[in-house]
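Heads up, the thing below is written out as structure tokens.
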């Protein structure tokens, strides 16, 4: 019997072994062994198997029935460990009783690890020990090391596996070796299980990875793992389903109902394959592909369509497809949406932008305050603002900088601006951005162009009230009088005179992952008579805020990590406060704010999800204790 | 301090009466000519917008087709929502004209086509000039042609608000209406004096936010008639009562109420009234024209439609009827036709609302019926036909209409009353009080 050829090794270190070693020892390895455990004759990476194959011999076999050994492969530049491995033994009559043939497979990407140093087989322990026991077997490569190409490894290892002692490990290796490598064609339909999977769209989100949007049906639960392979293999080799959001796809359920019967309508997915396939296409032209592995070992491949959308279109595509319930929001953002959307957003803003400046009239050379007003959507607000701001003679001491964040509206804006300047006489400048950047970056561009001692960030739909034409002068006076004051906000009213904003608090919203959202106390109610005009608050809205320009510059303005336009204002306030300065709202500085009415409707769900992205970022930065929680409905940070 | 210096007047109208026969431009031009003849007026000019009816000179905004003291402005793109004029060339060109003419009073008789923003140009170029605005309709308050009737029902409207206005014009948001109000009031704050031809209209503007101290009621005056004024008299006894309708034939002028009342009278077999309709419907929207023309086919026999007339003939035409009817279903301001009727010594039968009920005292100058109510009108007409003495008895109480000379004198007195900052001797003045107006 083959078993007689070699000692059967115990699954423990009780085996009295001679620790003297004959072969070279890997750096940092244990003390030299007194006797040889075995050698690796050749090895190589075989993509079709999804890992590395090693063949050689060892002085004994693992005792049948014992837990499989924990395998670690040490290379010059790293090691493969804590990963799925398969080991089986085969007879080597040539070795007599000295040893027995061994074949190992380690599932791992084909990383450039350099030359093999050794392979350790250790008794697996449930709990990681502080000082792990020395390996039961340490196999060293024969010298010179034989690192073979894929096809050679496969052909040379086939006979050994065919000859190996029967058992589940051998079956597994046979199955692995029978796999065909990905050849650029889809083989998913050949799988012996009713697995349906399709990728509608891929979006490259470097450096986070690759976002896949599609659907997957696996009614018999046959799938063991879904992986993405790319030109640059990721070290994170987890299944794609670890970073996966299920989404509603009633259209798919409807379409397959004839052949598959009733299926889960939540069969759609948005998944993030980390750090593979970027950039796309890779310099060699190789494209990432999807691998579906069944529990029975078979493998099927699926091509991934090349990414088409980038930037805002890509972000919107992702944001439109998701519809997480309250309890799903946090994991969805942690695993997929947060890293992916942040990567898209950063890539969008990475392109250098040089605004074009057009002056209408001569702004003061040394303005007291620079008022920065981004324009998006409605251009005619400029006409109204200039008409109303021109009424207060004091405004001629300030400069007004409009930032066009809506490039297609350039012609309309310039016509309006020309007319408004001629009619109302108040000078202003316009910065034209050639791409839509969002609220924060648009303001920051305005800030760069600002020359005033103070900076006022103003929304285009905020209008001065005849009750307080000197609103800006009041807010500036507040900052001059109190050096501990960092930021002053206006009291903003709706057109019916009720409060739109008079300071912000934060409250965790149970329906929004429990993340703290800015709240506007007394919103919609008539303003109360306040004892003092200046009231300290947690934060003020960016719709109308005034601060010293040098402070704004030292804080680098709005943090551009926030997309489109929200949370950057409270973030700035919290950063001002973290410098030790205070934020306050000035009740005498009354202005009207024509708050957008239907910002979030079912039609623009993506906009709501963009807000969630910002909330995710804001929460992780300012309320880390809330970030990992699902339902913490307790008020916090109230004054 | 009240100004003693001679007046240099620039009168402004939205159209020139040489090419447009509307009441406002005629009133403006008559007043201009009357003031021009006053020894207290040192110099005077008339500026009207072309309204697309006078071809501009290429590249120029101003032209003088009507004489050395009359100017026509040709600009396009007027914004009727905010009554503003986005023409970027106008402020500069108008500034040069103002610097050349240096008026001490600029009187807008209507701001359409020129734009409310033109008021700011005046204030910037001539800070000391007094700005007077005569109000026409409820244009500042109401986006529905300033009529203050709902759209599309034409129900009477008492007060504008962003919410209510948005219901009439769903295509404009509440915020748009709020901006409109902020915008209009910002320029209204530049006005030294508003002139309203009726107390009713003045009250509507005061309720909307105009400072009452800056509001003056001056009725539009009429030039003396060419033909002698008739006495209040029925044409001859035994004949049916003759009622005359004069003016634009439109829904708001109440033509349907009149036709409905006639139909009711005919149904009742009442033959004591004849109704003569003088006026034009050719300028109305096509839908109305079609409806009206269809209506003519089935109209009661007591209605006689005579078609358009020359305004110079209105006096004679009115002498041919026993009473004049003004059945408007909107508030009106101070309808010219009432003045004309009083000048012809004809009692007026009118709707009991707004400027009509103010100008026609019930039982003294004529009689009221419930606005928009054909049955009320039919009842009134049948009663008057049965008791013609009720009309005859008005001879002693019928008001005399305001003459152009009186209006002109009142207007001049208003100019004189406007305070001039003594520190700058009438050349400069402080910016006008800015806190008077507050959005509702």
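Residue numbers (this note's numbering), protein chains in the order written: chain A, 1 to 639; chain B, 1001 to 1440.
All C-beta atoms, glycine included, are put in the ideal place defined by N, C-alpha and C.
Quick caveat: nothing in here was measured; it's all calculated off a predicted structure.
key: Chain-ordered chain B contacts of residue 424 of chain A [CB-CB under 8 Å]   = 1117, 1120
request  = Since I believe residue 1007 of chain B is in contact with residue 1309 of chain B (beta carbons under 8 Å), could you give me their beta-carbon distance rounded to a whole number of angstroms?
outcome  = So it is not a contact: roughly 37 Å between Cβ atoms.
task = Check whether the Cβ atoms of residue 372 of chain A and residue 487 of chain A lie closer than 8 Å to each other.
result = no
query = When the cut-off is 8 Å and only beta carbons count, does residue 1097 of chain B lie next to chain D?
reply = Here the protein chains are A and B, and chain D is not one of them.
message = Rounded to the nearest angstrom, what separates residue 1285 of chain B and residue 1247 of chain B at their Cα positions?
response = 16 Å
request  = Have a look at A/62, A/361, A/478, A/332 and flag the residue whose alpha-carbon is nearest the alpha-carbon of residue 122 of chain A.
outcome  = A/62
ask   = If we call anything under 8 Å between Cβ atoms a contact, is residue 326 of chain A one with residue 610 of chain A?
value = no
request  = List the residues of chain A that residue 1223 of chain B touches, going by C-beta distances under 9 Å, in chain order.
outcome  = Correct list: empty, because the minimum Cβ distance to chain A is about 37 Å.
message = Could you give the first and the last residue of the continuous alpha helix (DSSP H) run that contains residue 1415 of chain B?
response = 1404-1417
ask   = Buried or exposed: which applies to residue 20 of chain A, given that a residue is buried once 16 or more other Cβ atoms fall within 10 Å of its Cβ?
value = Because the pLDDT of residue 20 of chain A is 38, which lies under 50, any placement of that residue in the model is unreliable, and the question is left without a value.
request  = Along the beta strand (DSSP E) that carries residue 369 of chain A, what are the first and last residues, could you check?
outcome  = 369-375
task = Keeping to the same chain, check which residues put their C-beta closer than 8 Å to that of residue 1302 of chain B; ignore five residues upstream and five downstream.
result = 1240, 1262, 1265, 1266, 1271, 1273, 1274, 1275
ask   = What number of angstroms, rounded off, separates the C-alpha of residue 510 of chain A from the C-alpha of residue 485 of chain A?
value = 33 Å
query = residue 75 of chain A and residue 55 of chain A look like a contact to me (Cβ under 8 Å); what is the Cβ gap, rounded to whole Å?
reply = Going by Cβ atoms, the distance from residue 75 of chain A to residue 55 of chain A rounds to 17 Å, so no, they are not a contact pair.
task = Give the secondary structure of residue 1168 of chain B by DSSP, where H, G and I count as helix, E and B as strand, and everything else as coil.
result = helix
query = Which of the three DSSP states, helix, strand or coil, is assigned to residue 103 of chain A?
reply = strand
inquiry  = Give me the residue from B/1054, B/1197, B/1077 with the minimum Cα distance to residue 1066 of chain B.
reply    = B/1054
Near-chain A residues of the stretch 1270-1301 of chain B - C-beta to any C-beta below 8 Å = none
query = From this set, A/194, A/363, A/336, A/608, which residue's C-alpha is nearest residue 244 of chain A's C-alpha?
reply = A/336
request  = Can you grab the Cα-Cα spacing for the pair residue 415 of chain A / residue 408 of chain A, in whole Å?
outcome  = 13 Å
request  = May I have the straight-line CA-CA distance separating residue 1110 of chain B from residue 1257 of chain B, to the nearest angstrom?
outcome  = 30 Å
inquiry  = Can you check which of these residues, A/546, A/70, A/444, A/80, is closest to residue 645 of chain A by C-alpha distance?
reply    = Shown here, chain A extends from 1 to 639; a query on residue 645 of chain A therefore has no answer.
inquiry  = 8 Å is my cut-off, CB to CB: does residue 1014 of chain B come that close to chain A?
reply    = no
query = Is residue 189 of chain A helix, strand or coil by DSSP?
reply = helix
query = Applying a beta-carbon distance threshold of less than 8 Å, which residues of chain B neighbour residue 495 of chain A?
reply = 1162, 1174, 1175, 1178, 1439
query = Is the Cβ of residue 633 of chain A closer than 8 Å to any Cβ of chain B?
reply = Low per-residue confidence applies at residue 633 of chain A: pLDDT is 41, beneath 50, and the placement is therefore not dependable, though the value from the model is reported in the following sentence. No, its Cβ sits nowhere closer than 8 Å to a Cβ of chain B.
task = Would you please state the rounded distance, in angstroms, between the beta carbons of residue 405 of chain A and residue 437 of chain A? I believe it to be under 8 Å.
result = 6 Å
inquiry  = Just list the residues that DSSP pairs residue 464 of chain A with in beta bridges.
reply    = A/591
message = Is the separation between the beta-carbon of residue 369 of chain A and that of residue 446 of chain A shorter than 8 Å?
response = no
message = Taking 8 Å as the limit between beta carbons, can you name the residues of its chain near residue 269 of chain A, skipping five residues before and five after?
response = 212, 213, 214, 215, 216, 244, 245, 246, 247
query = residue 461 of chain A to residue 379 of chain A, Cα distance in whole Å?
reply = 10 Å
task = Taking only the alpha-carbon atoms, compute the straight-line gap between residue 1372 of chain B and residue 1346 of chain B and give it to the nearest angstrom.
result = 22 Å
inquiry  = Here's the rule: buried if 16 or more other CB atoms are within 10 angstroms of the residue's CB, otherwise exposed. What is residue 502 of chain A?
reply    = buried
key: Neighbour flag for residue 1139 of chain B against chain A, beta carbons, 8 Å   = no
For residue 347 of chain A, the first and last residue of its enclosing alpha helix (DSSP H) = 338-350
request  = Would you kindly work out how many angstroms separate the C-alpha atoms of residue 440 of chain A and residue 202 of chain A, rounded to a whole number?
outcome  = 28 Å
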